[in-house]
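So the structure is just underneath, and the comments pick up after that.
Numbering (our numbering), first residue to last: 1 to 85.
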């Protein structure tokens, strides 16, 4: 699509860019919405965001369970240590 824009523009001696030919805005918008080059990138970005949010929710909810297991294991090790001494 960028190639098409370059073919429509030209530079004059002063360095300014002027439009060689123009198309109606409706035609440009129609072509823009039909072009699907960026669609895959957006879909993969949304999928990655969903996976990140799901992982964060899982880790947050599992945090209490891990904390409980850690506390129980630590207390059992303390009891075993005092009885072994």
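Backbone N, C-alpha and C define an ideal beta-carbon position, used for all residues, glycine too. All values derive from a computational prediction rather than experimental measurement.
Query                                                                                                                                     : Result
Below 6 Å CB to CB, which residues in the same chain sit around residue 42 once its five sequence neighbours on both sides are set aside? : none
Once DSSP output is grouped into helix, strand and coil, what is the label at residue 38?                                                 : coil
Report the three-state DSSP secondary structure of residue 83 (helix, strand or coil).                                                    : helix
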